[in-house]
């Protein structure tokens, strides 16, 4: 129960039917060995409105549960005992009871002084959990009990962390506590434990920043100040009076400093709550509005210790706000040499202007201008258009068409566009909006003098007072003022370069016992190199070398290996993969590198933290990698990293499809990240694939370059899960051609056929049927020679779809039949369901209604059995069309409505447009033109909001057919539709639209 409700049988998990049986079983398990009355079970299922047959239905459910539990592991019996039922079983057979028992034993051990044993029991208790208690169960009363157990879980985690803090393990707990405070930002106890762990690890500045973060959360969410305990912690840290962990209070007493004198009487909660926290009287925007009127917020996080010239900041903000009166798109360019803070300044200014100056959103892209593979304008425009709500299927392929759509989308909005690390003007110019309500902020090492009308800011090293201010913010003002002469010498010695200064200051912050004078002395040993700090890479290498040599050997090794990763930001599990370290919190491996600013925390993600190299540090680490690691060691580490991406991509496909269905896999080894990370990151598998698409596509290419051809093709074809749904046809083509070259070079026939078959699907999506047929036939020939039934099934399925599209129903049914047999040979039930659904459309067209119905019923049974929502939605839509064909209009409407909700839940705006039209047609058939008109109107709006003008024109034509008595409105609908039909060469629709328009 500590997660989704599961029953373990001798041969594996037993499926508990969802709904009433789940609720009854959960209630009996929560009260195991105690009677649960029938009335109580009725209330749990139906709450205030039970049917007359409620008791009978409970009896039926109990009877079925008895049969199910007969196959369960352990001693489990379900017996009738007035006034209800009791489930007899041992406490060790129910995870919730076992959890409670372990926590109670741990508390007792702690009280008796056995802290180590208590920690072990608490860890064992928490590992029983597999998610939120009773996930997916639909019962309000049971949800309250689940919330209670969820709270007990967090209390157990807090208790275990408190004991480990008392044992002096603060340095091991930082990464875990940072994750927990992000997941539970309103739990003050976790914030206090994080502050203590950071302080006792020698990270005073970060401990104070953690307090400020907690204060912001509480103020923004509750309108409250932190508790007395948190405020006492802050005061103790500022006064240097927080006792070390070995002086902590005895068990049961919180580890906080002695209480200060009482504060004045606190305000009441109502007085503390800001006005903005009052309930809003404005109705929430509808889900449809949110989807179609997307407001992107893509800016990276701002930094807390930012320093800059206020006059320069004001001028930059004024230029971007359009205060120069030029009447053109406000454009600013920040340029300078590496390490001068271009990106930091851009992000800070963008955050300052975001809410008031650009309420319609902020677009951000790293253009990778200093890498060997800069982002192309076509690629960037594709990303921006998706962020602005355009589905991938509707994004044109050419640069000019994408730029036109981008400018159209921004024409009536106030959006700030931040283009980071531009290679040159040619990369920037196609990305400029046409509306002066928007603004563009560019950073680059190049001067970008050819950008017309740009406000230019060229960054150099910091002025001495700014450098001292930055040093003070990182290590504390008291240390700088206490050694003022040494501080001035220090900033001069590092050349006042922000990156170099941050690295040195981080070492001082991590070592409070070092004096600034001692650091100046250490730097003086390398003065011949540091004198050149402001002149290029060599001096930066010297500065980096000083920090690098101060790392522990294992941290230096990780830094070197991380440089093999080519993604802009790095998930924490990469560290574990590169070192083959399987600890549950791999971010702990990276924290020492963060401490000395050799690695930056790029932000939070579902499943953990993300990290980022400064580009120059990555170059330095790569140099060290070549010198310190032999080729075979580098190859093994890279294979583990690539295997980690492959494992996650394969798991994402499984979650979407319900298993390894409709996909071929190679034999390349996988490396499994921590299970907790995988479960959390892939809670929404398509969202994860979306977020990681750059890293995944890059790994396809990187693996091909490194000779891992089997992994390259496997990962490329697995990513079709994303490419097909989101319409990423350009990425589909690019990754597959890269993998195709690799498998051909290696003589990998199976991989070559898999890529060719997948390319056939791509060409088919682009309506390039002849090219698709050739690719599929060449792949089929190889699969037949290799006796690969899955490959044969995939090829014949797509070849059948081509035949069906071309109107050759006989050939289509023959190919579908052979594909069905191939999928059955391969044991692929989803493949079978897809073929049944697609061929049912042919059967409907030929009037074989009963056959079509049987096929659709079987397909639905398959999808519901494995939980593949996307397949179920597509099949249900065909069922609705079949019901409409049979004259069962009411059922058709119910079916279309269900599918419409599925589309909305998954964010499928194209599917939503189809279903709105289907509902319009259904109500037209039913003789209810008022309802039909409403749905056609919404279909027009849904299509045209996402710039799908073909779909909008079809809905306009549907609506015009209903409005023959309203010539003015019909003319308004048909005039733009005629233009679209003419432009898109939709001849049949054009003829009808012109006829109706002529009759207006």
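In our numbering, the protein residues as written are 524 to 1523. Quick reminder that beta carbons are idealized off the backbone N, C-alpha and C, glycines included. Bear in mind that the values here come from a model prediction, so they are computed numbers and not experimental data.
Next on the checklist: Quick test of your reading: residue 1017 and residue 1023, contact by CB under 8 Å. State the CB separation rounded to the nearest angstrom.
Outcome noted: 4 Å
Item to check | Reference residue 1246, options 1265, 1028 and 1219, closest by Cα | outcome: 1219
Checklist entry - Would DSSP call residue 542 helix, strand or coil? => result coil
Checklist entry - Is the region 1255-1267 touching the region 1291-1301 in the sense that three or more CB pairs, one from each, lie closer than 8 Å? => result no
Next on the checklist: Could you give the first and the last residue of the continuous alpha helix (DSSP H) run that contains residue 1288?
Outcome noted: 1272-1288
Checklist entry - Does the region 653-665 come close enough to the region 556-573 to have 3 or more Cβ pairs within less than 8 Å? => result yes
Item to check | Chain-order list of residues whose beta-carbon lies under 6 Å from that of residue 508 (same chain, five-residue window excluded) | outcome: Shown here, the chain extends from 524 to 1523; a query on residue 508 therefore has no answer.
Checklist entry - Under the DSSP definition of a beta bridge, which residues are partnered with residue 953? => result BP columns for residue 953 are empty, so no partner.
Next on the checklist: Give me the residue from 1013, 915 and 877 with the minimum Cα distance to residue 963.
Outcome noted: 877
Checklist entry - residue 1419: which of 1438, 1429 and 1405 sits nearest, CA to CA? => result 1438
Item to check | Contact belief for residue 966 with residue 943 at Cβ below 8 Å, rounded distance in angstroms | outcome: 5 Å
Next on the checklist: Within a Cβ cutoff of 8 Å, which residues of the same chain sit near residue 825, ignoring the five residues on either side of it in sequence?
Outcome noted: 870, 871 and 874
Item to check | Best match in 1462, 641 and 980 for proximity to residue 864 [C-alpha to C-alpha] | outcome: 980
Next on the checklist: Among 621, 645 and 619, whose alpha-carbon lies nearest the alpha-carbon of residue 630?
Outcome noted: 645
Checklist entry - Roughly how many whole angstroms lie between the Cα atoms of residue 578 and residue 571? => result 14 Å
Checklist entry - Hey, would you say residue 1035 sits closer than 8 Å to residue 701, going by beta carbons? => result no
Checklist entry - How should residue 1384 be labelled, buried or exposed, when 16 other C-beta atoms within 10 angstroms of its C-beta is the threshold for buried? => result exposed
Item to check | residue 668 burial status per 10 Å Cβ neighbour count (16 or more: buried) | outcome: buried
Checklist entry - Taking residue 1076 as the reference, which of 1448, 1112 and 767 has the closest Cα? => result 1112
Checklist entry - Would residue 602 be called buried (16 or more neighbouring beta carbons within 10 Å of its own) or exposed? => result exposed
Next on the checklist: To test your reading of the DSSP string, which unbroken beta strand (DSSP E) runs of 3 or more residues are found completely within the region 830-915?
Outcome noted: 854-859 and 885-889
Checklist entry - Using the rule of at least 16 other Cβ atoms within 10 Å of the residue's Cβ for burial, across every protein chain shown, is residue 590 buried or exposed? => result exposed
Next on the checklist: Between which residues of its own chain and residue 1338 is the CB-CB distance below 8 Å, once the five residues before and five after are set aside?
Outcome noted: 1319, 1320, 1322, 1323 and 1326
Checklist entry - Looking at the structure shown, is residue 1208 part of a helix, part of a strand, or coil, going by DSSP? => result helix
Checklist entry - Between residue 941 and residue 908, what straight-line distance do the alpha-carbon atoms span, to the nearest angstrom? => result 15 Å
Item to check | Reduced DSSP category for residue 1514 - H, G, I as helix; E, B as strand; rest coil | outcome: helix
Next on the checklist: Just to confirm my understanding: we take residue 1221, look at its own chain, exclude 5 residues before and 5 after, and list those with CB closer than 8 Å. What are they?
Outcome noted: 1089 and 1090
Next on the checklist: According to DSSP, is residue 600 part of a helix, a strand, or is it coil?
Outcome noted: strand
Item to check | Backbone secondary structure at residue 984 - three-state DSSP | outcome: coil
Item to check | Among 718, 709, 729 and 717, nearest to residue 742 - alpha-carbon criterion | outcome: 709
Checklist entry - Comparing alpha-carbon positions, which option in 540, 616 and 625 lies nearest residue 585? => result 540
Next on the checklist: Assuming residue 1191 and residue 1234 are in contact, meaning their beta carbons sit under 8 Å apart, how far apart are those beta carbons, in whole angstroms?
Outcome noted: 4 Å
Checklist entry - Which value, in whole angstroms, describes the spacing of the CA atoms of residue 836 and residue 1157? => result 45 Å
Item to check | Check whether residue 1401 and residue 1364 have beta carbons under 8 Å apart | outcome: yes
Item to check | Option in 1491, 1482 and 1467 with minimal Cα separation from residue 932 | outcome: 1467
Checklist entry - Roughly how far, in whole angstroms, is the beta-carbon of residue 1476 from the beta-carbon of residue 1504, given that I think they are within contact range, below 8 Å? => result 6 Å
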